[in-house]
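Under the numbering used here, the first residue of the sequence shown is numbered 3, with each subsequent residue one higher.
Written below as structure tokens is the structure these notes are about.
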Amino acid sequence: MFFEDCTLAEATYPTLFAGMDVVPSGADLQRVEYERPIGSEQALAAALAQEAEEAGRRSPYDVTLIDGAPSLGLVTVAALTAADEALVPIKVGGLDMKGMASLHRTIRSVQRKTNPKLRVGAVLLTAWDKSTFARQLAAKVSEDYPEAAVIPIRRSIRAAEAPLAEQPIRLYAPEAAPAGDYDQAAAVILPREGAA
Numbered sequence: 003m004f005f006e007d008c009t010l011a012e013a014t015y016p017t018l019f020a021g022m023d024v025v026p027s028g029a030d031l032q033r034v035e036y037e038r039p040i041g042s043e044q045a046l047a048a049a050l051a052q053e054a055e056e057a058g059r060r061s062p063y064d065v066t067l068i069d070g071a072p073s074l075g076l077v078t079v080a081a082l083t084a085a086d087e088a089l090v091p092i093k094v095g096g097l098d099m100k101g102m103a104s105l106h107r108t109i110r111s112v113q114r115k116t117n118p119k120l121r122v123g124a125v126l127l128t129a130w131d132k133s134t135f136a137r138q139l140a141a142k143v144s145e146d147y148p149e150a151a152v153i154p155i156r157r158s159i160r161a162a163e164a165p166l167a168e169q170p171i172r173l174y175a176p177e178a179a180p181a182g183d184y185d186q187a188a189a190v191i192l193p194r195e196g197a198a
């Protein structure tokens, strides 16, 4: 799609879950970072707008989630440029706190240069525990993003196992604390209509 080899619709595939489609990523996406095709920062926003136009000026989906890599490269900037809200997962830990500072700069830069309507809708503090550090991280995130819901997602070995089983936590271990935490997060995040 970034190289105009296909449309967003042509890159979209159904999943095992009714009403949920996916545009898979692959190693070729790295080409965007080093070949930097013209208009890359706006490519995803343009593709979503074209998809909505073809569907009668409204997205064919209730919610569009754009999962960006933790790196802060061109593809992430394109995702933030196309989005209405950013949902930021941060694992409670020192390295993630440092990474959050870089992400904060990137989000503010995108707001100034390519997407002034972008807001941080929620920060998901994953692997949450009741430590002093976790509370300090939550306070720092609340300070940086006063508009965002700060949502703790409790630590659980079952949540760590779910990706290896290639299942969402709600199917793999619906009784695990993180499954309930994500349900509560969805209730806070999803009522906002038309979020991309």
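Every residue gets a Cβ at the ideal spot worked out from N, C-alpha and C, and that includes glycine.
For clarity, every value in this text was computed on a predicted model and none was experimentally measured.
Which term fits residue i, buried or exposed, when burial requires 16 or more other beta carbons within 10 angstroms of its beta carbon?
i, result
"glycine 196", "At glycine 196, the pLDDT of 49 sits below 50, so the modelled position is not reliable; the number obtained from the coordinates is stated separately. By the 10 Å Cβ count, glycine 196 comes out exposed."
"glutamine 186", "exposed"
"leucine 67", "exposed"
"leucine 76", "buried"
"leucine 127", "buried"
"proline 154", "buried"
"leucine 105", "buried"
"glycine 70", "buried"
"isoleucine 109", "buried"
"tyrosine 15", "exposed"
"threonine 78", "buried"
"valine 143", "buried"
Is the Cβ-Cβ distance between residue i and residue j less than 7 Å?
i, j, result
"alanine 161", "valine 152", "no"
"glutamate 87", "glycine 41", "no"
"leucine 120", "leucine 82", "yes"
"lysine 93", "alanine 129", "yes"
"arginine 172", "alanine 181", "yes"
"glutamate 43", "alanine 85", "no"
"valine 2", "alanine 13", "Lying before the first or after the last residue shown, residue 2 is absent from the chain, which here runs from 3 to 198."
Would you mind giving the Cβ-Cβ distance between residue i and residue j, rounded to the nearest angstrom? I have them listed as a contact below 8 Å.
i, j, result
"alanine 150", "valine 125", "5 Å"
"aspartate 131", "arginine 157", "6 Å"
"valine 65", "leucine 192", "7 Å"
Looking at the strands, I want to know which residues DSSP matches up with residue i.
i, result
"lysine 93", "Thr128"
"valine 2", "Because the chain is modelled from 3 through 198, residue 2 falls outside the range shown and cannot be assessed."
"tyrosine 15", "Val24"
"arginine 156", "Trp130"
"alanine 151", "Ala124"
Give me the Cα-Cα distance between residue i and residue j, rounded to the nearest whole angstrom.
i, j, result
"glutamate 37", "phenylalanine 4", "10 Å"
"arginine 6", "threonine 134", "Note that residue 6 is glutamate in the sequence shown here, rather than arginine. Approximately 49 Å between the Cα atoms of the pair."
"glutamate 163", "asparagine 117", "36 Å"
"glycine 101", "aspartate 23", "30 Å"
"alanine 29", "arginine 60", "31 Å"
"alanine 57", "glycine 96", "44 Å"
"glutamine 138", "tyrosine 63", "37 Å"
"alanine 45", "leucine 74", "17 Å"
Are the C-beta of residue i and some C-beta of chain B separated by less than 7 Å?
i, result
"glutamate 53", "Judged by its chain identifiers, the structure shown contains no chain B, having just a single protein chain."
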